[in-house]
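Sequence positions in the sequence shown follow our numbering and run 1052 to 1707.
Read through the structure below, which is laid out as structure tokens, and then see the notes.
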Amino acid sequence: MDPIFKPRPKLWPAGLLVRVQAFCIDALLLVLLGAPILWVSQHRLVSRLDDFSPSSLFVNWLLPALYFVGFWAWQGASFGMLFSGIRVVDFYSGEKPTLKQTLLRWVGALVSLLPLGLGLWWSTVDARGQSWHDRLAGTQVVWRRARAEGEPEELGYLLRHWRGEQGLAQSFWINNLLLATPLAMLVTGLMSWIGAKGEYLQASAIAVMVGWPLMLTLNTWCVVGAWRSAGNYLRHDGAAVWGYGARLLMGLGMLQIAASLLVGFLPQLGEYWQMARGIDPIGRTEFHLAEDGTSVRMEGPIGMGDATRLDTLMKAQPQLQRFELQSPGGRLHEAERMAEMISGRSGASAWVVEHCESACTILFLAAPSRQLMPEARLGFHRASSGTYNPVFDELANKELEKTYRKLNLPDYFITRTLKTPSRSMWYPSMDELISHALIPEPPKTLDIFLPPGANSPLKSYVEALRANPAWYALEGRFTGSIDQAAQRMLAARQAQLPDEAVQAAGFMVAAEQMGTLVHELQPVLRHQLVRQVEAQLRAAKAQSLEACQGLLGGQLILRRLLPLELHVSDSHWVQEAANSPRVRRSSNVPTPVELEVVRRRLGPLAPGMLAHWWGAQPGVPAAPRCEQVLQILDQLGRLPVQQRELAERLMFQRPA
1052 MDPIFKPRPK
1062 LWPAGLLVRV
1072 QAFCIDALLL
1082 VLLGAPILWV
1092 SQHRLVSRLD
1102 DFSPSSLFVN
1112 WLLPALYFVG
1122 FWAWQGASFG
1132 MLFSGIRVVD
1142 FYSGEKPTLK
1152 QTLLRWVGAL
1162 VSLLPLGLGL
1172 WWSTVDARGQ
1182 SWHDRLAGTQ
1192 VVWRRARAEG
1202 EPEELGYLLR
1212 HWRGEQGLAQ
1222 SFWINNLLLA
1232 TPLAMLVTGL
1242 MSWIGAKGEY
1252 LQASAIAVMV
1262 GWPLMLTLNT
1272 WCVVGAWRSA
1282 GNYLRHDGAA
1292 VWGYGARLLM
1302 GLGMLQIAAS
1312 LLVGFLPQLG
1322 EYWQMARGID
1332 PIGRTEFHLA
1342 EDGTSVRMEG
1352 PIGMGDATRL
1362 DTLMKAQPQL
1372 QRFELQSPGG
1382 RLHEAERMAE
1392 MISGRSGASA
1402 WVVEHCESAC
1412 TILFLAAPSR
1422 QLMPEARLGF
1432 HRASSGTYNP
1442 VFDELANKEL
1452 EKTYRKLNLP
1462 DYFITRTLKT
1472 PSRSMWYPSM
1482 DELISHALIP
1492 EPPKTLDIFL
1502 PPGANSPLKS
1512 YVEALRANPA
1522 WYALEGRFTG
1532 SIDQAAQRML
1542 AARQAQLPDE
1552 AVQAAGFMVA
1562 AEQMGTLVHE
1572 LQPVLRHQLV
1582 RQVEAQLRAA
1592 KAQSLEACQG
1602 LLGGQLILRR
1612 LLPLELHVSD
1622 SHWVQEAANS
1632 PRVRRSSNVP
1642 TPVELEVVRR
1652 RLGPLAPGML
1662 AHWWGAQPGV
1672 PAAPRCEQVL
1682 QILDQLGRLP
1692 VQQRELAERL
1702 MFQRPA
């Protein structure tokens, strides 16, 4: 025999299952190695293949290449291969592969994985048991020790574990912990990702539905074999702490999986099936575009595909600037994408018209200009991972905190949000929102923020009036008030009248409703009005008797000369009165008996003396002199309650 050539030693090719086992161990180890790097650089534990940041490129590509090529060249096996009892050899010599071969094998492995792993499956039909990348590199994966002739390697390995014939350390740590745990973490992690972010819903739902049966099958194999191995270990005088400790940990693990199955997966199986078919079970947002294309009302949950639909709408409507929100929340990933679109639109504004909760708040915070309608609410709470795993819940809320910080939500709000359970809701007060500059302070009087220029559309006036709490309350009491006021104010602006006259034009609409409102009020609110009238008359008299008399005569424009605090109290009263329940009365005309009672107690001038307070009334006698009215109002406080309430009602009514 030629001494230069050595005979090839007899080697036994390793089958596909044990190679997959080794790969799962390696994959878990790489995840554990890459997680700290990603956490330090990006504050997340898992990288994405479409992320090309330096840390992601290192974790996704360079680290695996260094790991596999280095181990194959150094030991002839990766860490997972060493634990699984297999190694890589040169096909012709049976020795460790060269560095060149390991590099070729790594490149070839990437190619083998592309067509659904076809290059790996090829080893099951190849005459020499080689996969594509082994063929390319001239290598082969074999068992580290010789096997008995005719023994089916993979089946023997599976059966030996199932029967508990392997050692406790290998059965528990390798087969049970390193094989079952990564798959369980992957499946529950996907469930958490769907619940918290809602990214790649369809693909994730399919993976969950396929992963659960696989996980249950693998976990059953792992636990049964490790349980039997622990029994054999104890029968051979093994330490009780290790044998029973392993069984305890396996039992707790099974309970956790059973809880996730019964509480997390099975009740939502129908929803996962819908998502796998491309249907979001929570629904989707309804977009209602205004006729002029400048605003859109967004109602309903934020579901799969809503970001794409909004993107299409915004591209088709370049003039779209206002986004009216009414949503209970939904998919965080969709909301983040929609928020990026809103924040990138010049002049964008977000208006909450009723309620905006959970993920909807991200859309609201993304807009440069924000407005909360009276009676509308913002709702915040913790994110839910959709599982009962506190680790995944914490990771989901780290993502939520990161999103809110990116949107400059104050620390106070973030802290309160993360302390609010996912099944409840925290609604910050209007004062809290204003003090943290999340919304502007609403108008304190009946005046509004006038749209700029004479060419502003009618809708701009309507929006400004709706943002005023007092006007919003009046609209709820007298439907159409805002539209009427907007039309009059626009007409005044187009007539080039000064701002004071434009505001007064809108106030006239409110004044026209006051007679009906005062007639339907409870006595306590009417008494508050009388006190305000007295304060305004005294303030006007301090300026001049003519101003006081003008107010009594219905010259509404004179009210604009009164101090600001009186306008504020007037606006608050209008808001409270408009929101109060109606008191039905048979007639707006006082009876003779009522008139006689008031005249005897306060004099003949008292009935109807404030009938012109909300504007001059044709056919009604002129108001008394200012001094006489103030004297009568001063006498009211000395009347019995029932007579005072009667007198306060008749003062605003048209006398018979």
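Glycine included, every Cβ here is placed at the ideal spot set by N, Cα and C.
TODO: Measuring alpha carbon to alpha carbon, tell me which of 1513, 1176, 1259, 1456 ends up nearest residue 1322.
DONE: 1259
Task: Limits of the unbroken beta strand (DSSP E) element including residue 1401 - done: 1400 to 1408
TODO: Using 10 angstroms around the beta-carbon of residue 1512, count the other beta-carbons present and answer buried if the total reaches 16, otherwise exposed.
DONE: buried
Task: Candidates 1296, 1677, 1169, 1266, of which the one nearest residue 1316 by Cα - done: 1266
- [ ] Leaving aside the five residues before and after residue 1572 along the sequence, list all residues of the same chain whose C-beta is less than 8 Å from its C-beta, in chain order.
- [x] 1580, 1628, 1631, 1634
TODO: Spell out a yes or no on whether the stretch 1388 to 1401 and the stretch 1344 to 1364 are touching, meaning 3 or more CB-CB pairs, one atom from each, closer than 8 Å.
DONE: yes
Open item on the list: If you follow the beta strand (DSSP E) that residue 1375 is in, where does it begin and where does it stop?
Closed with: 1373 to 1378
Task: Residues that residue 1350 bridges to, as DSSP identifies them - done: 1337, 1377
Open item on the list: So, with DSSP's three-state summary, where would you put residue 1330?
Closed with: coil
Task: residue 1117 to residue 1193 span [Cα, whole Å] - done: 22 Å
TODO: Give the DSSP-derived three-state secondary structure of residue 1103 in the structure shown.
DONE: coil
Open item on the list: I'd like the ranges of any alpha helix (DSSP H) spanning at least 4 consecutive residues and lying wholly in the stretch 1456 to 1490.
Closed with: 1462 to 1470, 1481 to 1486
Task: Buried or exposed by the 16-neighbour rule on C-beta atoms within 10 Å, applied to residue 1314 - done: exposed
Task: Candidates 1699, 1420, 1447: closest to residue 1410 by CA position - done: 1447
Task: Segments of 3+ residues assigned as beta strand (DSSP E) that fall wholly inside the stretch 1064 to 1149 - done: 1137 to 1141
Task: Residue environment, residue 1699, which counts as buried when at least 16 other CB atoms sit within 10 Å - done: buried
Task: Rounded C-alpha distance that separates residue 1189 from residue 1122 - done: 17 Å
Task: Rounded straight-line distance, which links the Cα of residue 1583 to that of residue 1678 - done: 16 Å
Open item on the list: Below 8 Å, how does it come out for the stretch 1486 to 1502 and the stretch 1585 to 1597: are there three or more Cβ pairs, yes or no?
Closed with: no
TODO: Counting only the same chain and skipping the five closest in sequence on each side, list residues whose C-beta sits under 7 Å from that of residue 1537.
DONE: 1509, 1512, 1513, 1516
Open item on the list: For residue 1468, which residues in the same chain have their Cβ closer than 6 Å to its Cβ, ignoring the five residues on either side in sequence?
Closed with: 1431
Open item on the list: Going by beta-carbon coordinates alone, are residue 1368 and residue 1414 separated by less than 8 Å?
Closed with: no
Task: Proximity to residue 1295 [Cα-Cα], best of 1562, 1280, 1466 - done: 1280
- [ ] Indicate whether residue 1626 and residue 1520 have their beta-carbon atoms separated by less than 8 Å.
- [x] yes
- [ ] Jot down the residue ranges of each uninterrupted alpha helix (DSSP H) in the stretch 1614 to 1693, minimum 4 residues, whole runs only, in chain order.
- [x] 1615 to 1629, 1643 to 1653, 1677 to 1687
Task: Cβ-based burial, residue 1107 [other Cβ within 10 Å; buried from 16] - done: buried
TODO: Check the DSSP bridge columns for residue 1192 and list the partner residues they point to.
DONE: 1139
Open item on the list: Since residue 1496 and residue 1619 should fall inside the 8 Å C-beta cutoff, what is the C-beta to C-beta distance between them, to a whole number of angstroms?
Closed with: 6 Å
Task: Reference residue 1553; option with closest CA among 1561, 1540, 1103 - done: 1540
Open item on the list: Tell me which residues share the same chain as residue 1278 and place their Cβ nearer than 7 Å to its Cβ, disregarding the 5 neighbours each side in the sequence.
Closed with: 1298, 1301
Open item on the list: Between 1211, 1271, 1191, 1187, which has its C-alpha nearest residue 1227's C-alpha?
Closed with: 1271
TODO: Tell me residue 1429's beta-bridge partners as DSSP assigns them.
DONE: 1407
- [ ] Would you mind stating whether residue 1644 and residue 1704 have Cβ atoms separated by less than 8 Å?
- [x] no
- [ ] Mind checking which residues open and close the alpha helix (DSSP H) that includes residue 1587?
- [x] 1574 to 1594
TODO: Closer than 8 Å by C-beta to residue 1404: which residues in its own chain qualify, once you throw out the five before and the five after it? Chain order, please.
DONE: 1348, 1375, 1376, 1377, 1424, 1427
TODO: Name the residue from 1385, 1343, 1371 whose alpha carbon lies nearest to the alpha carbon of residue 1359.
DONE: 1385
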